[in-house]
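By the working numbering, the letter at position 111 of the sequence shown is numbered 171, and the numbering carries on one by one without gaps.
No residue lacks a Cβ here, since even glycine has one placed at the ideal position from N, Cα and C.
The structure displayed is predicted, hence computed values, not measured ones.
First up is the structure itself, then whatever we jot down about it.
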Amino acid sequence: MTATLDGPVRDDRAAVDKAISLLVVLGDRAHGETGVSELARRARMSKSTAYRVLGMLERNGVVERVGTGYRLGERLHHLGRAVYAPGAEGVRDLLLPYLADLYETTRETVHLAVLHGTHVVYLAKLYGHRPTPVPSRIGGRLPAHTTAVGKVLLAYDSDAAERVLSEPLERFTDHTLTDPDELAAELDAIRRSGVAFDDEEYQPGLACVAAPVLSRGGRAVAALSVAGRHGRIDTRALSGQARRVCASASRAWAARVARTYAA
Numbered sequence: 061m062t063a064t065l066d067g068p069v070r071d072d073r074a075a076v077d078k079a080i081s082l083l084v085v086l087g088d089r090a091h092g093e094t095g096v097s098e099l100a101r102r103a104r105m106s107k108s109t110a111y112r113v114l115g116m117l118e119r120n121g122v123v124e125r126v127g128t129g130y131r132l133g134e135r136l137h138h139l140g141r142a143v144y145a146p147g148a149e150g151v152r153d154l155l156l157p158y159l160a161d162l163y164e165t166t167r168e169t170v171h172l173a174v175l176h177g178t179h180v181v182y183l184a185k186l187y188g189h190r191p192t193p194v195p196s197r198i199g200g201r202l203p204a205h206t207t208a209v210g211k212v213l214l215a216y217d218s219d220a221a222e223r224v225l226s227e228p229l230e231r232f233t234d235h236t237l238t239d240p241d242e243l244a245a246e247l248d249a250i251r252r253s254g255v256a257f258d259d260e261e262y263q264p265g266l267a268c269v270a271a272p273v274l275s276r277g278g279r280a281v282a283a284l285s286v287a288g289r290h291g292r293i294d295t296r297a298l299s300g301q302a303r304r305v306c307a308s309a310s311r312a313w314a315a316r317v318a319r320t321y322a323a
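Okay, structure coming up:
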């Protein structure tokens, strides 16, 4: 019996585990194609097994073969959209021009992100001219308490903040906030100032500043951020530009909601 992802297999758990291992490896190497030998080595399986499982994944459209290598397939990207926060595509489409405005005023790497559970999901990213150690990627997630965009979104979402504060806060660097009381105090300060900072809290060498895009009710729809190498960019100086762009984006969001209800 031929094993496919569309039909029964002799060992479901083994087949699924192997397929996921290969997909994870491909996701980690998403900027190009990877050969079977390298995939097998990284997924810790034989080359023949990797080739067979990749064939199943290819037939189901979740990986694509390019020459002698493989990459994630279009079907997987479509499925991935289902994990975005509800309405994320509409948020991205409306706010992309404002992300471009923030890039134009700073010439640094900028992000558009939304909150999904206790993580942030990056909907868009524009790269600055200077190399920056930024781990974010479009569609990727990071723990909200470790990032400027995440903290500014939590500051304006009490339910999400409560969930984050009730769980253990994972440490990524010496600067990560892992004390719930300290994080709660910082979220209060963010609500007062309208801006959040990340000083090497997720990754050493990275500094960010973020501001929220707010609805008329004061809830954060999304956040925009500027990121750069710690010690090179002045995130405090950039905070004014982030606030101004996000204020314009907030007005555009409010206008869109008003048109929707008027229709």
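Could you spell out the range, first to last residue, of the beta strand (DSSP E) harbouring residue i?
i       : result
Thr-166 : Where Thr-166 is concerned, there is no enclosing beta strand (DSSP E), although the alpha helix (DSSP H) it sits in stretches over 148-166.
Leu-186 : 179-186
Tyr-262 : Looking at the DSSP string, Tyr-262 is not in any beta strand (DSSP E), and its letter there is neither H nor E.
Glu-124 : 123-126
Gly-129 : 129-132
Arg-201 : 201-203
Thr-109 : Here Thr-109 belongs to no beta strand (DSSP E); instead the alpha helix (DSSP H) covers 107-119.
Leu-172 : 169-176
Quick check: residue i and residue j, are their CB atoms within less than 8 Å of each other?
i       : j       : result
Tyr-158 : Val-255 : no
Ala-215 : Arg-251 : yes
Val-174 : Ala-318 : no
Asp-217 : Ala-280 : yes
Leu-136 : Val-113 : no
Met-105 : Ala-79  : no
Thr-295 : Glu-261 : no
Between the C-alpha atoms of residue i and residue j, what's the straight-line distance to the nearest angstrom?
i       : j       : result
Arg-316 : Ser-308 : 13 Å
Leu-243 : Thr-166 : 28 Å
Leu-154 : Trp-313 : 8 Å
Asp-239 : Pro-228 : 9 Å
Ala-74  : Glu-164 : 50 Å
His-130 : Val-85  : Checking the displayed sequence, the identity of residue 130 turns out to be Tyr instead of His. Going from the Cα of Tyr-130 to the Cα of Val-85 covers about 11 Å.
Leu-284 : Arg-223 : 22 Å
Leu-132 : His-205 : 29 Å
Gly-277 : Phe-232 : 34 Å
Glu-134 : Ala-249 : 42 Å
Pro-68  : Lys-107 : Model confidence at Pro-68 stands at a pLDDT of 42, short of 50, so the residue's coordinates are unreliable; what they give is reported in the following sentence. Straight-line Cα distance between these residues: approximately 23 Å.
Gly-291 : Pro-203 : 23 Å
Asp-66  : Ala-160 : The pLDDT assigned to Asp-66 is 46, lower than 50, so where the model puts this residue is not dependable; a value taken from the coordinates is nonetheless given after this. When rounded, the distance between both Cα atoms is 42 Å.
Leu-225 : His-189 : 36 Å
Leu-298 : Gly-150 : 27 Å
Val-180 : Glu-93  : 27 Å
Gly-300 : Ala-245 : 22 Å
Asp-259 : Arg-152 : 26 Å
Glu-230 : Asp-241 : 15 Å
Counting only the same chain and skipping the five closest in sequence on each side, list residues whose C-beta sits under 8 Å from that of residue i.
i       : result
Thr-192 : Glu-168, Thr-169, Leu-266, Ala-287, Gly-288, Arg-289
Leu-156 : Leu-172, Ala-184
Gly-87  : Leu-132
Confirm the yes/no value for this check: CB of residue i, any heavy atom of the ligand MG, distance under 7 Å.
i      : result
Gly-87 : Looking for the ligand MG in the displayed structure turns up nothing, as the structure carries no ligands at all.
To which residues of the same chain is residue i closer than 7 Å at the C-beta, ignoring the five residues directly before and after it?
i       : result
Arg-125 : Glu-118
Ser-310 : Val-273, Leu-274
Leu-247 : Lys-211, Leu-214, Ala-215, Ala-221
Glu-98  : none
Thr-128 : Gly-95
Val-76  : none
Ile-293 : Glu-168, Ala-267
By the DSSP assignment, the alpha helix (DSSP H) with residue i in it spans what residues?
i       : result
Val-281 : Segment 280-289 is the beta strand (DSSP E) holding Val-281; no alpha helix (DSSP H) there.
Leu-214 : 208-215
Arg-102 : 96-103
Ile-250 : 240-253
Arg-292 : Run containing Arg-292: none; DSSP gives neither H nor E here.
Ala-219 : For clarity, residue 219 is Asp in the given sequence; the question names Ala instead. 218-225 is the extent of the alpha helix (DSSP H) around Asp-219.
For residue i, which residues of its own chain have a beta-carbon under 6 Å away from its beta-carbon, when the five flanking residues on both sides are left out?
i       : result
Ala-103 : Ser-81, Leu-82, Val-85
Tyr-182 : His-171, Ala-173, Ser-196, Ile-198, Gly-200
Ala-100 : Lys-107, Ala-110
Asp-72  : Unreliable positioning characterises Asp-72 in this predicted model, as indicated by a pLDDT of 47, which lies under 50. The coordinate reading is nonetheless provided below. Closer than 6 Å at the Cβ level, and outside the excluded window around Asp-72, lies no residue.
Thr-178 : Ala-204, Arg-223, Val-224
Tyr-187 : Thr-169
Pro-264 : Thr-233
Leu-162 : Val-170, Leu-284, Val-305
Val-194 : Thr-169, Ala-287
Val-257 : Residue 257 is actually Phe in this sequence, not Val. So the list reads Ala-208, Val-269, Thr-295, once near-sequence residues are dropped.
Ser-253 : none
*Would you call the segment 296-304 and the segment 261-276 in contact, with 3 or more CB pairs under 8 Å?*
yes
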